[in-house]
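S.K.:
Protein chains in written order, with full-length UniProt numbering: chain A, 1 to 270; chain B, 1 to 516.
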């Protein structure tokens with residue numbers, strides 16, 4: 001449905017715009033504590049109210065969007081940067097040792113529950129945004145490797161690959177020139193999905209205190225800090241919760257919409 | 001029985017069928033025409049399987065009942081029961097996860113409400129009937145354990161399980177070898193005779209229709225231009241389009257045999273084995289062949305005989321395990337990769353006009369790809385323009401994408417790509433098999449002209465003798481990894497010596513000689 005694509009693009013675009021804007025400007029300074037103004041309800045001065053330290057929740061949420069997006073984006077980049085070449089390699093050497101090596105390595109990573117290992121990594125190397133990125137990124141690698149290999153295998157059976165071989169091109173060059181462009185749309189869809197999963201994972205790690213550290217704002221930690229006051233001042237918890245839900249929903253709608261929009265062309269390719 | 005009355009249909013505003021009237025009587029009716037003429041749409045209209053956004057007018061009458069007006073639920077009860085259908089592609093027509101017994105039984109369970117045991121017993125009878133008898137072909141086989149022809153037999157068993165009055169066969173043998181085709185056509189003919197069925201046989205092959213059909217309808221651009229008893233229609237050829245089809249299907253490009261010249265390619269004792277759990281397969285078992293400069297050689301055999309493996313070895317895509325390939329004096333031994341300068345002497349044209357080009361590249365980049373072997377010359381754009389002109393396409397096509405071209409044009413582009421680095425040998429792997437007869441005739445003419453202009457040698461690979469007879473000087477017949485017969489084209493076809501060659505010649509569908 002087109003409406004899903006548009007709604008998804010709007011929601012994801014809003015989160016992205018907030019994240020980018022917060023790098024230059026937020027309505028209030030988030031470093032300034034004002035205990036006297038703590039836990040204010042929404043008002044014209046503070047649209048989303050203030051938290052237990054008197055910080056403006058709107059500003060915090062905008063900065064939180066930035067944290068989430070940077071973590072998820074870099075994690076997707078790690079996953080694509082390593083996973084896609086590995087998948088292309090595996091497909092180019094189907095059923096030979098490079099393929100076996102990549103796919104069994106994949107199985108190994110898949111065998112561990114991702115969030116538990118991410119907690120382990122951050123627990124061992126210390127909680128920080130960088131370690132959260134690495135932990136989430138590692139689990140993106142096999143996802144992209146498998147999707148890439150699966151999409152590339154049918155391409156390798158086509159005659160234009162044969163023609164490229166007759167033109168003397170090697171596997172690496174063919175993978176780069178013919179295979180990758182023809183599976184790009186699939187990878188873009190997968191990237192949106194992994195991006196939204198990355199935002200969820202970052203929120204989860206921050207919630208248990210293993211993500212970005214104070215004073216860097218993060219949706220997950222905003223939730224964690226607000227949970228003791230949720231009966232008293234619900235908006236303090238509801239706002240970051242909504243941020244997570246709407247961003248992830250938007251990205252999922254965007255991913256589904258893109259898949260539908262790109263699918264007819266994929267069918268023609270086959 | 002079934003009658004189409006002024007059936008017109010359009011899809012999204014595009015007219016597809018124009019007042020098609022057709023009376024199907026028990027026996028075999030052939031429907032011939034080129035691709036895109038509306039043959040398959042006619043079949044889908046009868047089955048009630050038209051795509052969305054289709055607007056129809058006219059009637060499809062089954063015993064006086066208009067099928068176009070029936071709701072989907074009623075149509076579903078008719079499909080399979082009164083009207084059965086088999087498709088072109090036996091590889092995708094069966095569910096790979098279901099045994100062949102269950103697939104045939106499923107039809108019976110849905111329509112006749114049989115329990116599994118009774119349905120399987122009937123499925124057994126059905127498979128026996130289509131030539132898949134009990135001990136060799138148990139019900140528990142899966143589709144991947146069968147060959148293409150055997151799968152098509154399963155598809156036929158499914159289509160006739162309920163003894164439908166009408167069976168529609170849409171290019172049922174186009175994807176099969178000629179020998180398999182002959183056996184499947186025999187089976188269909190017997191089934192029609194035994195059951196008193198009506199068979200609508202859709203094909204682009206006039207010879208198939210000539211050998212099978214009692215009546216024929218010729219279709220062009222969504223209209224039936226001529227119909228009647230097959231022999232009368234094919235003898236009189238009163239409509240110009242029918243005449244065109246006949247001229248094209250018997251077309252042999254005018255070409256001179258090349259003057260004898262030294263050998264260009266010599267293959268000796270080629271061996272290629274594939275290891276497998278059950279002992280492996282010797283795809284090439286000591287193959288030897290020679291192609292002279294400027295000579296055109298046909299390599300004919302059934303699928304799985306090793307001809308594609310041989311082509312891959314000659315093109316340097318797979319090294320041999322034993323034997324030698326000698327090209328212009330330079331020789332490549334077993335296990336060795338082919339050097340680039342040698343590989344640049346050869347190019348290839350493949351079967352599938354739709355899969356032969358990267359859909360994301362423009363024509364100029366596609367055609368320039370073989371320059372990878374030789375380095376891209378400074379005047380490469382001019383060379384591409386010249387190559388396009390040479391295959392009969394305007395040079396301003398260079399910036400187009402491949403989906404803007406028809407199947408025949410794509411095959412011309414494939415030939416242009418093969419020509420661009422001026423090879424001495426072009427390997428044509430089923431290069432015209434997927435084309436309509438008229439387009440095929442044009443492409444064969446083009447190949448003959450290019451050969452005369454550039455002194456090219458061709459290795460023409462096909463499963464069908466009739467495809468290669470017009471364009472080759474010599475034919476090699478291959479069976480089970482060996483070359484079993486070799487000789488001048490006319491001698492091979494007129495007086496085949498080896499059993500296998502004789503079988504291939506017998507299987508060629510022919511239009512009776514006295515009909516012209």
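Where is the CB? At the ideal position from N, CA and C, for every residue including glycine.
(1) Using the beta-carbon count (16 or more within 10 Å), is residue 21 (chain A) buried or exposed?
(2) What are the residues of the region 315 to 349 of chain B that lie near chain E, defined by any Cβ-Cβ distance shorter than 7 Å?
(3) Which residues does DSSP list as the beta-bridge partners of residue 84 (chain B)?
(4) To the nearest angstrom, how far is it from the Cα of residue 57 (chain A) to the Cα of residue 19 (chain A)?
(5) If we define contact as Cβ-Cβ less than 7 Å, is residue 166 (chain A) a contact residue for chain B?
(6) Run down chain B in chain order and give the residues with a C-beta less than 9 Å from the C-beta of residue 181 (chain A).
(7) Can you confirm whether residue 99 (chain A), when its beta carbon is compared against all beta carbons of chain B, has any partner nearer than 7 Å?
(8) Excluding the 5 residues flanking residue 34 (chain B) on each side, which residues of the same chain have their C-beta closer than 7 Å to its C-beta?
(9) So is residue 178 (chain A) in contact with chain B if we call contact Cβ pairs under 7 Å?
(10) Which runs of the alpha helix (DSSP H) fall wholly inside the region 295 to 346 of chain B and span at least 4 residues, in chain order?
(11) Roughly how many whole angstroms lie between the Cα atoms of residue 169 (chain A) and residue 383 (chain B)?
(12) Return no unless some Cβ of chain A is closer than 7 Å to the Cβ of residue 352 (chain B).
(13) Closer than 7 Å, CB to CB, is residue 279 (chain A) near chain B or not?
(14) Please classify residue 491 (chain B) as buried or exposed, where buried requires at least 16 other C-beta atoms within 10 Å of its C-beta.
(15) Give me whichever residues DSSP pairs with residue 266 (chain B) in a beta bridge.
(16) At what residues does the beta strand (DSSP E) containing residue 27 (chain B) begin and finish?
(17) Please list the partners that residue 373 (chain B) has in chain A, where partner means a Cβ-to-Cβ separation under 8 Å.
(18) Would residue 89 (chain B) and residue 175 (chain B) be called neighbours here (beta carbons separated by less than 7 Å)?
(19) Taking 8 Å as the limit between beta carbons, can you name the residues of its chain near residue 189 (chain A), skipping five residues before and five after?
(20) Could you tell me whether any Cβ in chain A is nearer than 7 Å to the Cβ of residue 355 (chain B)?
(21) Show which residues of chain B have a CB atom less than 7 Å away from the CB atom of residue 158 (chain A).
(22) In terms of DSSP beta bridges, what is residue 199 (chain B) paired with?
(23) Taking buried to mean at least 16 other C-beta atoms within 10 Å of its own C-beta, is residue 428 (chain B) buried or exposed?
(24) Closest Cβ-Cβ distance between residue 519 (chain B) and chain A: below 7 Å?
(25) For residue 120 (chain A), list the residues DSSP reports as bridge partners.
(26) List the residues of chain A that residue 51 (chain B) touches, going by C-beta distances under 8 Å, in chain order.
(27) With a threshold of 8 Å on Cβ separation, who are the neighbours of residue 38 (chain A) within its own chain once the five nearest residues in sequence on each side are excluded?
(28) Looking at the C-beta of residue 162 (chain A), does it have a partner C-beta in chain B at a distance below 7 Å?
(29) Does the separation of the CB atoms of residue 339 (chain B) and residue 321 (chain B) fall below 7 Å?
(30) Per DSSP, residue 5 (chain B) is paired with what?
(31) Which chain A residues are close to residue 273 (chain B), counting only those with a beta carbon under 9 Å from its beta carbon?
(32) Spell out whether any CB of chain A is found under 7 Å from the CB atom of residue 404 (chain B).
(33) Suppose you measure from the CA of residue 412 (chain B) to the CA of residue 353 (chain B); what does that come to, to the nearest Å?
(34) What three-state label does DSSP hand residue 143 (chain B) in the structure shown?
(35) Going by beta carbon distance, what residues of the same chain come within less than 7 Å of residue 142 (chain A), once the five residues before and after it are set aside?
(36) Below 8 Å, how does it come out for the region 120 to 131 of chain A and the region 196 to 211 of chain A: are there three or more Cβ pairs, yes or no?
M.R.: Once the coordinates are examined:
(1) exposed
(2) The structure shown contains no chain E; the protein chains it does contain are A and B.
(3) BP columns for residue 84 (chain B) point to B:167.
(4) 14 Å
(5) yes
(6) 358, 360 and 361
(7) no
(8) 204, 436 and 438
(9) yes
(10) Whole alpha helix (DSSP H) segments, 4+ residues: 307 to 314 and 340 to 343.
(11) 21 Å
(12) yes
(13) Residue 279 (chain A) lies beyond the residue range present for chain A, which begins at 1 and ends at 270; the question has no answer from this structure.
(14) Classification of residue 491 (chain B): exposed, given that the 10 Å Cβ count is below 16.
(15) B:290 and B:326
(16) 27 to 32
(17) 167 and 168
(18) yes
(19) Excluding positions up to five away in sequence, the list reads 255, 258, 259 and 262.
(20) yes
(21) 355
(22) According to DSSP, residue 199 (chain B) bridges with B:28 and B:167.
(23) buried
(24) Outside the shown range of chain B, which is 1 to 516, sits residue 519 (chain B), and nothing can be said about it.
(25) The partner list for residue 120 (chain A) (beta bridge, DSSP) is empty, contrary to what the question assumes.
(26) Simply none; closest approach about 13 Å.
(27) Counting only Cβ-Cβ distances below 8 Å, and skipping sequence neighbours, we find 50, 51, 52, 53 and 54.
(28) Closer than 7 Å: yes.
(29) The answer is no: Cβ separation not under 7 Å.
(30) B:59
(31) Result: empty, since nearest Cβ-Cβ is about 17 Å, beyond 9 Å.
(32) no
(33) 9 Å
(34) helix
(35) If you ignore the 5 residues before and after residue 142 (chain A), its C-beta comes within less than 7 Å of the C-beta of 83, 106, 109 and 110, all in its own chain and listed in chain order.
(36) With the cut-off at 8 Å, the region 120 to 131 of chain A and the region 196 to 211 of chain A touch.
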